[in-house]
Amino acid sequence: MNTQLLVNMNVELATSEDALNHISEFLIENAYVKPSYDMAIREREAMYPTGIDLGFGAVAIPHCDAAHAIKPCVYLIRPVKPIVFERADDDGEVKAAIIMALVVTNPAEQMKLLRSLFSSLQDEVFFNDLKNSTTIESMIEIFNSKILYIAEEII
784 MNTQLLVNMN VELATSEDAL NHISEFLIEN AYVKPSYDMA IREREAMYPT
834 GIDLGFGAVA IPHCDAAHAI KPCVYLIRPV KPIVFERADD DGEVKAAIIM
884 ALVVTNPAEQ MKLLRSLFSS LQDEVFFNDL KNSTTIESMI EIFNSKILYI
934 AEEII
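Position one of the sequence shown corresponds to residue 784 (the working numbering), numbered consecutively onward.
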């Protein structure tokens, strides 16, 4: 899997709808996804919300079917302030301090990546390091060190 990591810090977003707009526009403009991605990510989020309460913070992991992908990536976004997303596990809400949009071209790879992300996100130090990073470079280093390590363990 040759997945590109894209990072954006201090993004001004007010709502999860703003976040999905930003994600779609960015990924379409940069040829990571097809135009059909915009509707697909919204429908997927409406039917199966992606907000996850970690107990010590929250994330959202928007993603949709691989049919809408052109090339794989993880778009890691740290908004200026946490964004309210619907919870994946019930009817409540979470305030996501980190958003990780996944784009995969192979459904089997999506499951590996999701397992790796879920495992990594159980680590409070990892989450807080990402949340408190001061540079894009440090976010990339933190993300890659943990995710690549875990991905190697899964394979």
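In this text, a Cβ means the ideal position worked out from N, Cα and C, and glycines have one as well. Computed from a predicted model, the values in this text were never measured in an experiment.
- Task: Taking A871 and P832 to be in contact with their CB atoms under 8 Å, please state how far apart those CB atoms are, rounded to whole angstroms.
- Result: So it is a contact: roughly 5 Å between Cβ atoms.
- Message: With a threshold of 7 Å on Cβ separation, who are the neighbours of T917 within its own chain once the five nearest residues in sequence on each side are excluded?
- Response: none
- Query: A843 bridges to which residues according to DSSP?
  - Reply: G834, I882
- Message: Classify Q893: buried if its beta carbon has 16 or more other beta carbons within 10 angstroms, exposed otherwise.
- Response: Classification of Q893: buried, given that the 10 Å Cβ count is 16 or more.
- Query: With L885 and L896 assumed to form a contact (beta carbons below 8 Å), what rounded beta-carbon distance in angstroms separates them?
  - Reply: 6 Å
- Query: Taking the DSSP output, what are the residues bridged to R827?
  - Reply: R827 pairs with nothing; no bridge assigned.
- Item | Rounded separation between R861 and A829 - CA only | 22 Å
- Message: Quick check on the burial criterion: 16 or more other C-beta atoms within 10 angstroms. Buried or exposed for K929?
- Response: buried
- Query: Exposed or buried, which one is V877 when buried takes at least 16 other CB atoms within 10 Å?
  - Reply: Buried is the call here.
- Does DSSP classify Q893 as helix, strand or coil? If DSSP states are grouped into helix, strand and coil, Q893 belongs with the helices.
- Item | Nearest-angstrom Cβ-Cβ length linking L900 and I844, presumed shorter than 8 Å | 7 Å
- Task: Within the same chain, show all residues whose beta-carbon is closer than 8 Å to that of L904, passing over the 5 residues directly before and after it, in chain order.
- Result: Here the set comprises I835, L837, V842, F910.
- Message: So, for V863: in the same chain, excluding its five sequence neighbours on each side, which residues have a beta-carbon less than 8 Å away from its beta-carbon?
- Response: N793, V794, E795, L796
- Message: Please report the distance separating the alpha-carbon of N804 from that of A852.
- Response: The alpha-carbon atoms of N804 and A852 are separated by roughly 16 Å.
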